[in-house]
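Take 1 as the starting number for the sequence shown in full-length UniProt numbering and just add one per residue. Note sheet for the following structure.
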Amino acid sequence: GQGAAEHMEVGQRCVVDGNTGEIAFLGSDLPDLPSGMWVGVVYDQPVGKNDGTIKGKKYFKCQKNHGHLVRPDKVKVLYAETALLGRKATAGHASRSHALNDNYMENFHAAYALLSGETPEAAKQQVAKTTQGAARMSALESIGKLTTQLETLSIWSTRASWKSGPENAEGTLLDLSDRPNTCISVWGGEAVIGSTDHALYGIDLVKQRKSRTLYTKTHGHTEWVTCVSHTADGRVLSGGMDGKLCLWNKAGAQCSDLQGHSASISDMKAVQSDGGGNFAFTSSYDKTVCVWDLSKHASRALASSLKGHSAPVLCMAVAETSSLVSGDRDGVAMLWDVEANKSRRIPGHGGHITSLAWLDGNTFLVGAQDGKVKVWDVREERFIHQIAAHVTQQGSGAVGNIVVRRTSPNMATTDVVTAGADCRVQVLDARSGFQPRFTFTEHKVHLVTCSMYKLSSTSRTSYTLSPWLEVSFLVELVTECCSPTT
C-alpha cells in the first residue's frame, strides 16, 4: 500500500472497484482508523460512503455519497503524470489548450481500458500511444458521427447571402456538395477543391464545369479533406483528418496512399527541386513534419519524419527543398535544415502560430494568435522586426495568412500581405520597416487565407467556394475569406 501511494497525488484521476473519480486526500495514521496510508476519493457518481467526513472529522470536501476513504491498493491511477498538468494549462494562454486535451484523452482511454478489463500495464501502453500522437480509429469514427449532426445543423446557421450565392453574379456557380468546402489548389486549367464530405472535386476552368470526383469506394479519404496541393507534374496531393495522404493521378479517380502521419493533416507544400524532382512537405496534429519524395513508389516515398514539436503542428513554409519552418499550438516555431538534419526551436510567440512565410532565403515571417507578425533573421538568429498587424484598440485577431508579393523572381520583395481574424487585410512595405501601405476593411467576417493575382483589364478569373470560402477582388489583391459554419 505504501509503495502504491508514493506514486499518487491529489488531483489525479483514478478508478476504485470500477468507479471513476479523483484523488482528493492522502494521509496516514488517521485518528480512530487503522494505521497505514489512506486515500480519499471523490467519485463522479453518488456511489461513495460519505461527503469527505470520517467519524466527525472533515478530510476533504465533496457532495453527499460521493466520498470514500480507501486503502492505496484499491486505487488504480489512470495515468502516471500528475493531473495538475491539465490544470496548469488552463491557467496559461489559449495556446496550451491542446495540453488539456491530451490530458483528457489520456484519462479517457486509460479509464476505458481499465473498465473493459485490461491490465494496468496494457492501459499504460494505450496511454503512451495517445501521448505520442497516435490516432485512434474509434475516436475518429465517433467524431465522424458527431460532425454529421453538426454539419446538418450548421447549414441553417450560415448567412443568407452565402446560401443564395455571391453578390456579383458574373461567372459560373457550381454546386459541388451539400457540405462545406475546405481547401483549393489551382494548376494549369484545373482547380481541385476539397470538401468535408470526404471527396475532392476537379473543376475544368476553361469549360467551367466539374471534370472529376476524387473519391471512390476503394480510393480516397475516410474523413474531412483538410488540404490539397498540385505537384509540379500535375498530380494532386490531398490530406485529411484521417491522417492519410492521397496522391492522385493526373486524370481519373485513382490514388496511392502515403502512410507516415497518425493524426489529422494540417498543412502541405509541394515543391520541385533544382534537379526536377518532386517533393512534398506535410505537417500534422501528430506533432511531426514529413518529407516525401514523390518520384518513388508510395511505400518508399517517406524520406524523413521531422520530430521536435511538443504540440500539434499547424502550419509551415518552405524556402527550398532542404529548408523549412513550421509552427505549432504551443507558439513555438521550428527551423529545419533537412539535409544537415539540424533544427532550432524559436519560442516567444503569443498563442498558436497561425501563419508562416519566407521573405527570402534568410528571413521569414511568423504570424500568431495575438495578431502580431515577427520577422526572424536566420543569419543573426534573432527577431529583427515585430509588427502589430492585426492589433487594434478593440482587440486583436489571429494572423490567418501571410503572402509575400514579388514583382518578378529576381526582384526584391516589395509587399507583404497579411489577413487577420480582425476582418482586416494589411499590405506592409518590407523595404520601409514593414510600415502599412494599405489597410482593407471591406470584409465582415474573419480572414484565414489570402492569395494574390495579377489582374488585367481584359481578363479576370474568380473562384467562389460556398459556404466556406468567399472571394472578393481588391485591385491586384484577392483574399479568400473563410468563416466556419460550425
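We put the CB at the ideal spot given by N, CA and C, even for glycine.
*In the DSSP assignment, find the unbroken beta strand (DSSP E) run with HIS68 in it and report its ends.*
67 to 70
*Per DSSP, cross-strand counterpart(s) of THR392*: GLY395
*asked:* For MET241, report the span of its beta strand (DSSP E) as first-last.
replied: Segment: none, MET241 is in no beta strand (DSSP E) and carries neither H nor E.
_Exposure label - ILE384; buried when at least 16 CB within 10 Å_ = exposed
*Determine the closest residue to LYS374 out of CYS62, ALA280 and SER355, with distance taken between C-alpha atoms.*
SER355
*Tell me whether LYS287 is buried or exposed, calling it buried when 16 or more other Cβ atoms sit within 10 Å of its Cβ.*
buried
*Would you decide whether PRO72 is buried or exposed? Buried here means 16 or more other CB atoms lie within 10 Å of its CB.*
buried
*asked:* Rounded to the nearest angstrom, what separates GLU9 and VAL77 at their Cα positions?
replied: 9 Å
*Span separating the alpha-carbon of HIS198 from that of VAL236*: 15 Å
*Using only alpha-carbon positions, find the residue among SER323, ASP17 and ARG405 that is nearest to ALA340.*
SER323
*When the distance is taken between beta carbons, is GLY243 closer than 7 Å to THR226?*
no
*Assumed close pair ALA357, ALA317 - CB separation to whole angstroms, cut-off 8 Å*: 5 Å
*asked:* If I measure Cβ to Cβ from THR82 and keep anything under 6 Å in the same chain, skipping five residues before and after, which residues do I get?
replied: Model confidence at THR82 stands at a pLDDT of 38, short of 50, so the residue's coordinates are unreliable; what they give is reported in the following sentence. For THR82, where only same-chain residues beyond five positions count, the Cβ hits under 6 Å are GLU9.
*According to DSSP, what are the bridge partners of CYS315?*
GLY327
_Minimum C-alpha distance to LYS372 - residue among VAL70, GLN63, THR172 and HIS390_ = HIS390
*For ALA311, I'd like the list of residues in its chain whose CB is within less than 6 Å of its CB, leaving aside the five on either flank, ordered along the chain.*
HIS98, ASP328, ARG329 and ASP330
*From what residue to what residue does the beta strand (DSSP E) around PHE279 run?*
278 to 284
*Report buried or exposed for GLY67, applying the criterion of at least 16 other Cβ atoms within 10 angstroms of its Cβ.*
buried
*Sorted by chain position, which residues of the same chain lie with C-beta nearer than 8 Å to ARG212's C-beta, five sequence neighbours on each side aside?*
TYR201, GLY202, ALA251, GLY252 and ALA253
*Can you grab the Cα-Cα spacing for the pair residue 491 / VAL70, in whole Å?*
In the structure as shown, the chain begins at 1 and stops at 486. Residue 491 is therefore absent and cannot be evaluated.
*Which whole-angstrom value is the C-beta distance of HIS284 and VAL338, which I expect to be below 8 Å?*
Strictly speaking, residue 284 in this sequence is Ser, with His absent from that position. About 17 Å; that fails the 8 Å criterion.
*On a CA-only basis, which of ALA419, ASP415, GLU442 and VAL192 is nearest ALA430? Give me that one, please.*
ASP415
_Extract the residue ranges of the beta strand (DSSP E) inside the stretch 201 to 263, only unbroken runs of 3 or more that lie entirely within it._
209 to 214, 225 to 230, 236 to 240, 245 to 248 and 255 to 258
*Please list, in chain order, all residues of the same chain as ARG344 whose beta carbon is under 6 Å from its beta carbon, the five residues on each side excluded.*
LEU335
*Which first and last residues belong to the beta strand (DSSP E) in which LYS76 is found?*
75 to 77
*With GLY14 as the anchor, note down where its beta strand (DSSP E) starts and where it stops.*
Checking the sequence shown, residue 14 turns out to be Cys, not Gly. Per DSSP, CYS14 belongs to the beta strand (DSSP E) from 13 to 16.
*Can we say the stretch 392 to 399 touches the stretch 431 to 442, given the rule of at least three CB pairs closer than 8 Å?*
no
_Output needed for ASP29: all residues of its chain with C-beta closer than 7 Å, excluding positions within five of it in sequence on either side, in chain order._
SER35
*Reducing DSSP to helix, strand and coil, say where SER343 ends up.*
strand
*asked:* Run through the DSSP bridge pairs and tell me what ALA191 is partnered with.
replied: VAL186 and ILE203
*What are the boundary residues of the beta strand (DSSP E) that ASN19 is part of?*
19 to 28
_Presumed contact (8 Å Cβ cut-off) between VAL47 and PHE60, rounded CB distance_ = The Cβ separation is near 16 Å, so there is no contact.
*Neighbourhood of LEU294 by C-beta distance below 7 Å, restricted to the same chain and skipping five residues each side*: THR231, LEU247, ASN278, PHE279, ALA280 and ALA301
*Nearest residue (CA-CA) to THR182, options ALA333, GLY188, LYS58 and ILE265*: ILE265
*Does the distance from the C-beta atom of HIS349 to that of LEU314 stay below 7 Å?*
no
_Nearest residue (CA-CA) to ILE54, options ASP175, TRP38 and ASP44_ = TRP38
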